[in-house]
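Please read the structure below before turning to the comments.
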Amino acid sequence: MNFRNSWFNYLFPRKKGKEELMKKFLIIGLGNIGPKYENTRHNIGFKILDEVASAQKVSFVAEKLGDVATFNFKGKTFVLLKPNTFVNLSGKAVKYWMQQENIPIENILVVTDDVNIDLGSIRVKAKGSAGGHNGLKDIQEKLNTDQYARFRFGVGANFPKGRQADFVLGEWSKEEMSQLIERLPLAANAVLSFATDGLGNTMNAFNGK
Numbered sequence: 001m002n003f004r005n006s007w008f009n010y011l012f013p014r015k016k017g018k019e020e021l022m023k024k025f026l027i028i029g030l031g032n033i034g035p036k037y038e039n040t041r042h043n044i045g046f047k048i049l050d051e052v053a054s055a056q057k058v059s060f061v062a063e064k065l066g067d068v069a070t071f072n073f074k075g076k077t078f079v080l081l082k083p084n085t086f087v088n089l090s091g092k093a094v095k096y097w098m099q100q101e102n103i104p105i106e107n108i109l110v111v112t113d114d115v116n117i118d119l120g121s122i123r124v125k126a127k128g129s130a131g132g133h134n135g136l137k138d139i140q141e142k143l144n145t146d147q148y149a150r151f152r153f154g155v156g157a158n159f160p161k162g163r164q165a166d167f168v169l170g171e172w173s174k175e176e177m178s179q180l181i182e183r184l185p186l187a188a189n190a191v192l193s194f195a196t197d198g199l200g201n202t203m204n205a206f207n208g209k
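Okay, so the sequence shown: first residue is 1 according to this note's numbering, each after it adds one.
Written out as structure tokens, the structure reads:
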């Protein structure tokens with residue numbers, strides 16, 4: 001090792017170039033903390049990230065504003081974030097970890113539930129409105145843009161009019177859980193694809209499946 005070069009690099013660290021920054025991705029799973037909410041439909045974002053972490057054999061660690069797990073896959077660095085701010089206030093955690101890890105907005109993916117999609121269906125989009133989802137609304141407000149990718153996982157709409165909140169905060173039925181277990185590996189693959197294959201290819205490969 002060249003001691004002189006090593007000392008110079010220590011004093012004057014090289015700034016990360018755009019290409020290096022584009023190799024790091026922040027994946028946010030929305031959900032509510034605590035055992036009370038663990039198996040609710042609103043926590044599908046947490047469940048999908050748990051599936052990714054399990055497949056990659058990494059564990060979440062309690063950090064500022066959320067639980068975080070990091071791993072490398074096919075030359076990309078994944079930072080998985082489960083905010084501890086509750087769903088409706090997710091924006092603060094997203095903004096903090098984007099800045100903390102120096103991740104550009106085109107490299108974030110927000111994983112959330114959607115009552116407008118059939119149970120187990122996947123829909124990845126490059127941008128869009130909050131669609132009535134308070135978690136997405138808060139992220140949009142904190143980032144001051146809706147130009148970020150989101151992964152909507154269908155939880156169905158099997159609820160009476162006016163009872164949406166009770167439905168998403170309710171627990172999965174045995175039949176739903178059985179179907180969910182089958183769909184989680186596919187959802188985890190979609191998360192990996194976002195970083196390794198790109199947004200467009202991921203949309204083509206997974207949307208509607």
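Backbone N, C-alpha and C define an ideal beta-carbon position, used for all residues, glycine too. Quantities reported herein were computed from a predicted structural model and do not represent experimental measurements.
For R183, the number of other beta carbons within 10 angstroms of its own is at least 16, and it is reported as buried. Fully enclosed beta strand (DSSP E) runs of no fewer than 3 residues occupy 149-154 of the stretch 148-194, in order along the chain. Of all alpha-carbon atoms in R163, A205, G34, A157, the one lying nearest the alpha-carbon of V191 is that of A205. G208 sits in coil when the DSSP states are folded into three classes, being neither helix nor strand. In the three-state scheme derived from DSSP, where H, G and I count as helix and E and B as strand, A130 is classed as coil. Within the stretch 41-107, the complete beta strand (DSSP E) segments at least 3 residues long are 61-63, 66-73, 76-83, listed from N- to C-terminus. Per DSSP, reduced to three states, the secondary structure at L30 is coil, with no helix or strand assignment. In the three-state DSSP reduction, I117 falls in the coil class, being neither helix nor strand. By the criterion of a C-beta distance shorter than 6 Å, F46 is surrounded in its chain by G29, G31, K82, once the five residues flanking it on both sides are discounted. For K125, the enclosing beta strand (DSSP E) starts and ends at 122-125.
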